[in-house]
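Heads up: the structure comes next, in structure tokens.
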Amino acid sequence: MTYFLKLLPLAFLIFLSPLAFLSADTVILKDNSTTYENVKTLIQKSQITVTTKEGKTFTLTKSQIRKIKFDPVKWKNEKSASNEELLRVMQESLAYSELLQDEINQTKEEIETMRDEVRKIAGVAEEANENARRSLQLHWKSAGKSLLFPGWGQYSNHSEIKASVFLGLFIFSNITAYYTFGNYVQAKDRYQSDYIIPYVLASSNYGLNLYPMDRYIFINSRYFEGSRGNLRKQSNFHQSALSGIGVIWMLSILDALFSSSNINNIESTNEISYKWKFDFSFEPSIYNAIDKKEEIYNFTMSSRF
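Laid out in structure tokens, this is it:
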């Protein structure tokens, strides 16, 4: 009778839902050595089917079971907790993905900024190279003008003071050379008339020979030395004047070639027609090939009337 009363709840559950899963927290066997916790049971007439949380299913006879504690099974809560954990992990992953995407975007912006800086530096370097090439071209052009006429290169570089100085020195040195050349010619004529011609007459067998040659030279030796010294002095003056012309010419060329000039000011007035007769240009042209690059220089000179 007592055993029947113990099985009455089981029979009642079987009558209500013979094929339904019941919630069971713990199934204890009669040997007291085996306990199944947090499982679902399906109670049938002669046996009970047990399903674990891991999905493992096995059957037990009713004679093996000592007691079943019926409590709400925790699978749903654990599943909900698992879903919440999964949702939390997904949210964290999404947040990390957004953070990573922000870092990627920031890195892209930094890379783009670096590229802009590199382009800017490359543009500055290219502009500097272009300015250097144009400056060299203008300097060669100015040097060529100074080669034709001292001071012309300085005038084309808008250095009017230098141009005036070189032009004034060049004119002054030419005038000096002209006058020193005249003095040299006069001294030479005087020397020839005072020394060479009387000496030839004195030593010649033809013409008048009023004095012996040695006596003539002895009497007029001091006078001859003064005439020859004056000739040497005038010759040195003339050579110095010619050297001054060469030095001024060379300094004008070197100053036009190596002195600094404002490229923008020069190019802004590049179309001005100067009052000089000749024009000079020295322009390199670039020849591009597949595997080489070389410069071809064009030397041109034109005149304007």
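Going by this note's numbering, the first residue of the sequence shown is number 391, and it counts up by one from there.
No residue lacks a Cβ here, since even glycine has one placed at the ideal position from N, Cα and C.
- Under the DSSP assignment, residue 576 falls outside any beta strand (DSSP E), being part of the alpha helix (DSSP H) whose first and last residues are 550-581.
- Under the three-state reduction of DSSP, residue 428 is assigned to strand.
- Distances from the alpha-carbon of residue 645 to those of 474, 574 and 551 put 551 closest.
- Rounded to whole angstroms, the Cβ separation of residue 454 and residue 432 is 15 Å, and the two are not in contact under 8 Å.
- Annotation: residue 446 to residue 484 spans about 35 Å, alpha carbon to alpha carbon.
- CA-CA distance, residue 497 to residue 480, rounds to 25 Å.
- Close CB contacts of residue 573 within its chain, under the 6 Å cut and outside five residues either way in sequence, are with 624 (chain order).
- Scanning its chain for C-beta atoms nearer than 6 Å, with the 5 sequence neighbours on each side dropped, one finds around residue 449 the residues 437 and 439, in chain order.
- A Cβ-Cβ contact shorter than 7 Å links residue 559 with residue 638.
- Nearest to residue 640 by C-alpha distance, out of 502, 459, 538 and 578, is 538.
- The C-beta separation of residue 533 from residue 647 comes to about 4 Å, placing the pair in contact by the 8 Å criterion.
- Bridge partners of residue 437 according to DSSP: 451.
- DSSP lists no bridge partner for residue 497.
- When only Cα atoms are considered, residue 504 and residue 511 end up about 10 Å apart.
- 7 Å or more divides the Cβ of residue 542 from the Cβ of residue 549.
- Residue environment analysis places residue 621 among the buried positions, since at least 16 neighbouring C-beta atoms fall within 10 angstroms of its C-beta.
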